[in-house]
Amino acid sequence: MSKARKESGLEAVNTGSKDFVTIKLAGQTLGIPVLAVHDVLNAQNITRIPLAPKSVAGVLNLRGRIVTAIDLRERLDFPPRENGAKSMSVVVEHKGEPYSLLIDSVGEVLSLEDGAFEKNPVTLDQRWREVSAGIYRLDGELLVVLAVDKLLDFDAHVAA
Numbered sequence: 002m003s004k005a006r007k008e009s010g011l012e013a014v015n016t017g018s019k020d021f022v023t024i025k026l027a028g029q030t031l032g033i034p035v036l037a038v039h040d041v042l043n044a045q046n047i048t049r050i051p052l053a054p055k056s057v058a059g060v061l062n063l064r065g066r067i068v069t070a071i072d073l074r075e076r077l078d079f080p081p082r083e084n085g086a087k088s089m090s091v092v093v094e095h096k097g098e099p100y101s102l103l104i105d106s107v108g109e110v111l112s113l114e115d116g117a118f119e120k121n122p123v124t125l126d127q128r129w130r131e132v133s134a135g136i137y138r139l140d141g142e143l144l145v146v147l148a149v150d151k152l153l154d155f156d157a158h159v160a161a
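Sequence positions in the sequence shown follow the numbering used here and run 2 to 161.
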């Protein structure tokens, strides 16, 4: 930050925190940076795509735009949802294309201090480390911050 900005008191505008939309997946709390989230949707009609990878649940129509739906449970090797359990979606963009991430539920928006951010611990499950930017320790649980670009990098996932 420039000396002029510090002297003007403008540094107070930068709170040193980041905002995350929290989601639940298989009992784990995850965070997606707010600026990466375009929409949050309730259960949608999804059209299956023949011969698509297992983690691609299909496509949905969002205001006239075709959106690829990714089943995060499948992508992260978790058991499927119980029969009849509804999913929600968080719509993000990757390489100019919209993707709907199928999740169990959406929580709240958290504003977390940059100083509390930690790199992935070596004990973090491998499936999380592959797609995580890092963690925050919350009261009684970890918030794994999803790196959307890593999560949607299917070439790297197939090569692994």
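We treat Cβ as the ideally placed atom computed from N, Cα and C, and that holds for glycine.
Spatial distance of residue i from residue j (CA atoms)
i           : j           : result
residue 117 : residue 17  : 10 Å
residue 88  : residue 153 : 19 Å
residue 127 : residue 78  : 11 Å
residue 9   : residue 137 : The pLDDT assigned to residue 9 is 39, lower than 50, so where the model puts this residue is not dependable; a value taken from the coordinates is nonetheless given after this. Those two C-alpha atoms are separated by around 32 Å.
residue 41  : residue 107 : 8 Å
residue 151 : residue 68  : 18 Å
residue 131 : residue 48  : 28 Å
residue 64  : residue 95  : 18 Å
residue 121 : residue 142 : 14 Å
residue 76  : residue 113 : 27 Å
residue 97  : residue 83  : 33 Å
residue 100 : residue 125 : 26 Å
Endpoints, the beta strand (DSSP E) within which residue i is located
i           : result
residue 174 : Residue 174 lies beyond the residue range present for the chain, which begins at 2 and ends at 161; the question has no answer from this structure.
residue 24  : 18-26
residue 52  : Where residue 52 is concerned, there is no enclosing beta strand (DSSP E), given that its DSSP letter is neither H nor E.
Delimiting residues of the alpha helix (DSSP H) encompassing residue i
i           : result
residue 130 : 127-130
Contact under 7 Å by Cβ, residue i with residue j
i           : j           : result
residue 91  : residue 102 : yes
residue 111 : residue 21  : yes
residue 109 : residue 30  : no
residue 26  : residue 105 : yes
residue 146 : residue 134 : yes
residue 149 : residue 58  : no
residue 144 : residue 28  : no
Cβ-based burial, residue i [other Cβ within 10 Å; buried from 16]
i           : result
residue 56  : buried
residue 70  : buried
residue 93  : buried
residue 14  : Because the pLDDT at residue 14 is just 46, under 50, the model does not fix this residue reliably, and the point stays unresolved.
residue 66  : exposed
residue 52  : exposed
residue 161 : Low confidence applies to residue 161: its pLDDT is 43, below 50, so where it sits in the model is not reliable enough to give any reading.
Every unbroken alpha helix (DSSP H) within the stretch 64-89, with a cutoff of 4 residues, ordered by chain: 73-76
Give, in chain order, every unbroken run of the beta strand (DSSP E) that is at least 3 residues long and sits entirely within the stretch 102-156. Complete beta strand (DSSP E) runs here, min 3: 106-114, 133-139, 142-147.
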